[in-house]
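Colleague: Have a look at the structure that comes next, please.
Numbering (this note's numbering), first residue to last: 1 to 682.
Structure representation (C-alpha cells):
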C-alpha cells in the first residue's frame with residue numbers, strides 16, 4: 001500500500017461521522033459505494049471525542065462507524081487529531097497556546113492554535129497517537145494514516161515562550177558559540193550583538209516590523225525543523241505499532257516547511273489539498289494579471305510532484321469554498337469538478353479524495369461546500385463525481401505513470417523563505433515564476449518542478465535538457481557543484497538576476513553576482529537596478545526581437561572568451577549594454593538573463609533551446625487547453641484539459657485511442673467546455 005498506484009486510480013471522500021446522526025451513516029456509505037467511492041478519511045479533528053477528559057479514552061463512536069465500514073466494504077484513512085486540542089488541554093496547560101509576533105495569545109476556539117515545542121503538548125500528542133494506533137492497528141478497514149491536518153495552515157509562524165526557549169537551544173546546537181552566532185546573523189549591524197544566549201529572541205514586535213532579516217530567515221528554518229520533529233514523533237509512534245501495509249502521509253502545502261525533508265523523515269508520500277476555485281476568490285494573491293485562474297493550480301500540483309513524484313489528493317474541491325469569516329469562492333460550474341479532478345490526475349495524483357461528503361451544518365466552514373449540500377438532495381456534483389468514478393475504470397493503467405518533461409523549473413525552500421522576507425526579491429521572483437509558468441502553459445511545453453537540496457545529484461537532472469533556476473539568490477557550494485556537473489555533461493542551465501547574491505544566512509558576500517555560479521555563467525553583473533514605478537519599461541533586442549525586461553535589471557559583462565552576448569538593452573542609461581549572455585561550459589551551456597523573466601523572454605529561451613511546442617507534429621491545441629504527458633514503459637498518455645466554458649477545436653495528426661470513450665480518434669476534434677480528453681499512444 002506504500003505505492004498507492006498499485007490499486008489504479010481511486011476515489012474517496014472526507015467524512016465526519018461525528019457531525020451526523022448515526023442513523024444516516026449507513027445510507028451515506030451506501031450512496032458513496034454506489035458512486036464508486038472506495039475510502040473515507042475520518043477523525044482528523046476529533047481529539048475531544050476520543051479523549052473527552054485527560055487520560056480517559058473513548059473510541060466508541062469511531063468503532064461503530066468503522067464496523068459499519070467493514071460491513072459495507074469501505075476502506076478508511078485515519079487522521080491523527082492533533083490539529084485541534086481539546087478545551088480541557090488548553091485550559092489546564094495554557095503554555096501550549098501559540099502567540100503571534102506581537103506576543104498575543106491564540107486562545108481556544110479555532111484550530112492550529114497550539115505550539116509544538118511545549119513538552120506537555122508533545123507528550124499528550126504522542127499519547128493520543130499511541131492510543132489510536134493500538135486501538136486500530138488490526139482494523140481490516142484501515143489503509144493509511146494522515147498526520148495531523150495541514151501543518152502550517154492558518155498559522156505559519158510560532159512565537160510562544162516554549163518556541164523561544166527551543167529556538168535558543170536550536171541556535172546553541174547549530175552555531176555552538178555566541179561569536180559564531182553573531183557573525184552568521186550579521187548582528188554587528190545596528191549594534192544587535194548578543195552577549196548572552198538568554199538575550200536572543202525569536203522574531204517579535206520591533207520598530208517598523210523590521211526584525212533582523214538573517215534571524216527571521218533562521219527562524220523560518222527553525223519552524224520547519226519544529227514541524228518535522230513533531231511529525232516524525234507521530235510517524236515513529238505509528239511505525240512502531242501499525243502494520244507495514246498501512247501508509248503514513250500528511251496533507252497540504254504551506255509556508256515555512258521543507259516538505260522534501262518532511263517526506264524523507266516522516267512520510268511514505270505527500271498528499272495535497274487542491275482548491276482551484278480559489279482562483280476566483282476575493283484573495284488578491286489569486287488575482288495577479290499573469291495567472292491562469294484555476295489552471296494555475298497545475299503549478300501547485302507540479303510542486304507537489306516535485307517533492308517525491310507519487311502523491312495523492314486528500315482534499316479535492318467539490319463545491320464553493322468559504323469560511324464565514326473569509327474566502328468567497330463560487331460554486332464550480334457544471335464540468336469544472338470533473339475538470340479539476342483530471343487536472344490532479346494529469347499532474348501525478350494516483351488517488352482523489354473529495355472534500356467533503358456533505359457541507360458542515362455548524363462551525364466556521366458552513367460555506368465550504370461538499371458533494372452534498374445541507375439539504376442532502378441528489379445534485380449535479382454527485383452525478384459529476386459518479387461519472388468520473390466510472391471513467392476511472394478505463395484509466396487504470398495511468399496510475400503510477402511518470403510525468404514527462406524535457407524542461408524543469410528549479411526551486412528550493414531556503415530561497416522561498418528568503419522571498420517572504422525580501423520585498424525586492426519578491427517582486428522579480430514573482431514576475432519570473434508567473435512568466436515561466438504562463439510561457440510553458442501557452443506553448444504546451446510540459447514543465448517539471450524540482451526542489452534543489454543536498455540530496456539532488458547531477459544524474460537526477462540529466463533527464464532534462466533545460467533547467468531554469470530563475471533567481472537562486474541564496475546558493476550553496478553543493479548546488480554549485482551539482483549544476484556545474486549537469487552543465488558539463490551536456491545540459492542547458494538558465495539563470496536570472498541576483499543569482500548568488502546571498503549566502504545561506506542571507507548575508508551578501510563580497511563577490512560579483514552570480515556569485516558561486518560566475519565561472520560556469522562566464523559573465524558577471526557590473527550594474528543593477530530595480531525598475532521603479534516612474535521608470536520607463538525596459539526592453540532588450542535578441543535576434544531583432546524586442547523583449548521586455550521587467551522588475552529588475554543587471555548589466556552583464558563577459559569574463560570568458562567562450563561567452564557570447566545574445567541580447568543588449570534598448571533603452572535606459574545602460575542602453576546597448578549586455579542583457580543576456582550564453583557561455584559554453586564542457587558539453588553544455590549557461591544562459592544568463594540580466595533581469596526578471598517576462599513571458600516573452602521565457603518563450604524566446606524555449607524557442608532558442610528547441611523546447612518550444614515540443615508536440616506540435618502530433619497535436620495542435622488552442623491556448624485555453626492544457627497538455628500534460630505521462631508515460632508508463634513504452635505507452636504515452638496525453639491528457640488535454642479545456643479550462644474554457646467554450647468548445648475548443650483540437651487537431652490530431654496521428655491516430656490515438658480516446659481512453660474515456662474507448663475509440664480511435666484523428667483529425668479535427670471538438671472538446672466541450674470544461675472538457676477532458678485522455679489519449680493513449682503506443
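C-beta atoms are modelled at their ideal positions from N, C-alpha and C, and glycine is treated no differently.
Since we're looking at a predicted model, the values are computed, not measured.
Please list the segments of the beta strand (DSSP E) lying wholly inside the segment 75-143, counting only runs of 3 or more residues, in order along the chain.
Modeller: The qualifying runs are 75-79.
Colleague: Determine the extent of the alpha helix (DSSP H) in which residue 606 is found, giving its start and end residues.
Modeller: Along the chain shown, one-based indexing puts residue 606 at 606. Segment 599-608, the alpha helix (DSSP H) holding residue 606.
Colleague: Going by DSSP, what residue range makes up the alpha helix (DSSP H) through residue 496?
Modeller: On the chain shown, position 496 is the one that residue 496 refers to. Element bounds for residue 496: n/a, residue is neither H nor E.
Colleague: Taking the alpha carbon of residue 235 as the reference point, which residue from 223, 225, 248 has its own alpha carbon closest?
Modeller: Indexing the chain shown from 1 puts residue 235 at position 235. The shortest C-alpha separation from residue 235 is found at 248.
Colleague: How is the beta strand (DSSP E) around residue 13 delimited, first residue to last?
Modeller: As a first step, residue 13 must be located in the chain shown, where it is residue number 13. Its beta strand (DSSP E) spans residues 10-14.
Colleague: Consult DSSP for residue 671 and reduce its assignment to one of helix, strand or coil.
Modeller: The residue labelled residue 671 in the question sits at position 671 within the chain shown. If DSSP states are grouped into helix, strand and coil, residue 671 belongs with the strands.
Colleague: Tell me the rounded alpha-carbon separation between residue 435 and residue 253.
Modeller: Looking up residue 435 in the chain shown gives position 435. Looking up residue 253 in the chain shown gives position 253. Those two C-alpha atoms are separated by around 22 Å.
Colleague: Provide the residue(s) that pair with residue 450 in DSSP beta bridges, ordered along the chain.
Modeller: Start at 1 with the first residue of the chain shown, and residue 450 comes out as number 450. DSSP lists 410 as partners of residue 450.
Colleague: Going by DSSP, what residue range makes up the beta strand (DSSP E) through residue 262?
Modeller: Taking the first residue of the chain shown as 1, we reach residue 262 at position 262. No beta strand (DSSP E) contains residue 262, which is instead part of the alpha helix (DSSP H) from 259-266.
Colleague: Return the chain-ordered ranges of every alpha helix (DSSP H) run that is complete within the segment 366-422 and spans a minimum of 4 residues.
Modeller: List check, alpha helix (DSSP H) in window: 380-392, 413-421.
Colleague: Bridge partners for residue 274 per DSSP, in chain order?
Modeller: Here residue 274 is taken as the residue at index 274 of the chain shown, counted from 1. For residue 274, which the question treats as bridged, DSSP gives the partners 316.
Colleague: Give the secondary structure of residue 349 by DSSP, where H, G and I count as helix, E and B as strand, and everything else as coil.
Modeller: Residue mapping note: residue 349 aligns to position 349 of the chain shown, counting from 1. Correct three-state label for residue 349: strand.
Colleague: If you pair each beta-carbon of the segment 208-224 with each one of the segment 181-189, do three or more pairs fall below 8 Å?
Modeller: Verdict: yes, contact present.
Colleague: I'd like to know whether the C-beta atoms of residue 567 and residue 579 end up nearer to each other than 8 Å.
Modeller: Residue 567 sits at position 567 when you count from the first residue of the chain shown. Residue 579 sits at position 579 when you count from the first residue of the chain shown. Contact: yes.
Colleague: Please list the terminal residues of the continuous alpha helix (DSSP H) segment that includes residue 645.
Modeller: The residue labelled residue 645 in the question sits at position 645 within the chain shown. Careful: residue 645 lies outside any alpha helix (DSSP H) and carries neither H nor E.
Colleague: Which stretch, first to last residue, makes up the alpha helix (DSSP H) that contains residue 213?
Modeller: In the chain shown, the residue the question calls residue 213 occupies position 213. Start and end: 213-239.
Colleague: Terminal residues of the continuous beta strand (DSSP E) containing residue 546?
Modeller: As a first step, residue 546 is located in the chain shown; it is residue number 546 there, counting from the start. Taken as a continuous stretch (DSSP letters only), the beta strand (DSSP E) holding residue 546 covers 545-548.
Colleague: Excluding sequence positions up to five away, which residues of its chain have a Cβ less than 8 Å from the Cβ of residue 387?
Modeller: Numbered from 1 along the chain shown, position 387 holds the residue referred to as residue 387. Excluding sequence neighbours, residue 387 sits near 338.
Colleague: Of the residues 454, 293, 166, which one's Cα is nearest the Cα of residue 626?
Modeller: The residue you call residue 626 lines up with position 626 of the chain shown. If we check each option's Cα against that of residue 626, 293 comes out closest.
Colleague: Comparing alpha-carbon positions, which option in 27, 260, 229 lies nearest residue 453?
Modeller: The count along the chain shown starts at 1 and reaches residue 453 at position 453. Closest by alpha carbon: 260.
Colleague: In the DSSP assignment, find the beta strand (DSSP E) that holds residue 298 and state where it starts and stops.
Modeller: Within the chain shown, residue 298 is the residue found at index 298, counting from 1. No beta strand (DSSP E) contains residue 298, which is instead part of the alpha helix (DSSP H) from 297-308.
Colleague: Considering only C-alpha positions, which residue in the set 602, 400, 414 is nearest to residue 636?
Modeller: Here residue 636 refers to the residue found at position 636 of the chain shown. Ranking the options by Cα distance to residue 636, first place goes to 400.
Colleague: Between the alpha carbons of residue 676 and residue 641, how many angstroms are there, rounded?
Modeller: Taking the chain shown and counting its residues from 1, the one referred to as residue 676 is at position 676. Taking the chain shown and counting its residues from 1, the one referred to as residue 641 is at position 641. Residue 676 and residue 641: Cα-Cα distance of roughly 5 Å.
Colleague: By a C-beta neighbour count over all protein chains shown, 10 Å radius and 16 as the cutoff for buried, is residue 518 buried or exposed?
Modeller: Reading the chain shown from its first residue, position 518 is the one you call residue 518. Label assigned to residue 518: buried.
Colleague: Which residues does DSSP list as the beta-bridge partners of residue 585?
Modeller: Position 585 of the chain shown, counting from 1, holds the residue named residue 585. Paired residues: 588.
Colleague: Unbroken beta strand (DSSP E) runs of length 3 or more, entirely within the segment 134-200: which are they?
Modeller: The qualifying runs are 142-146.
Colleague: Is the CB of residue 377 under 8 Å away from at least one CB in chain C?
Modeller: Judged by its chain identifiers, the structure shown contains no chain C, having just a single protein chain.
Colleague: Apply the 10 Å Cβ neighbour rule to residue 323 and answer buried if 16 or more other Cβ atoms are within range, or exposed otherwise.
Modeller: Locating residue 323 in the chain shown gives position 323, counting from the first residue. Classification of residue 323: exposed, given that the 10 Å Cβ count is below 16.
Colleague: I need the boundaries of the alpha helix (DSSP H) containing residue 72, first residue and last residue.
Modeller: As a working note, residue 72 is residue 72 in the chain shown. Its alpha helix (DSSP H) spans residues 60-72.
Colleague: Determine the closest residue to residue 333 out of 651, 343, 381, 28, with distance taken between C-alpha atoms.
Modeller: Translated into the one-based positions of the chain shown, residue 333 becomes position 333. Of 651, 343, 381, 28, the residue nearest in Cα terms is 381.
Colleague: Whose C-alpha, out of 656, 166, 115, 397, is nearest the C-alpha of residue 9?
Modeller: As a first step, residue 9 is located in the chain shown; it is residue number 9 there, counting from the start. When only C-alpha atoms are compared, the closest one is 397.
Colleague: Specify whether the segment 199-211 and the segment 96-114 touch according to this definition: at least 3 beta carbon pairs, one from each stretch, less than 8 Å apart.
Modeller: They touch, by the three-pair rule.
Colleague: Could you name the residues of the same chain whose beta carbon sits closer than 7 Å to that of residue 170, not counting the 5 residues immediately before and after it, in chain order?
Modeller: As a position in the chain shown, residue 170 is number 170, starting the count at 1. Taken in chain order, the residues that qualify are 222, 225.
Colleague: Give the single residue among 163, 178, 195, 78 whose Cα lies nearest to the Cα of residue 145.
Modeller: Residue numbering aside, residue 145 sits at position 145 when the chain shown is read from its first letter. For residue 145, the nearest C-alpha among the options comes from 78.
Colleague: Can you tell me the Cβ-Cβ gap for residue 318 and residue 391, rounded? I've got them flagged as a contact below 8 Å.
Modeller: Counting from 1 along the chain shown, the entry for residue 318 is found at position 318. Counting from 1 along the chain shown, the entry for residue 391 is found at position 391. 17 Å between Cβ atoms; not a contact.
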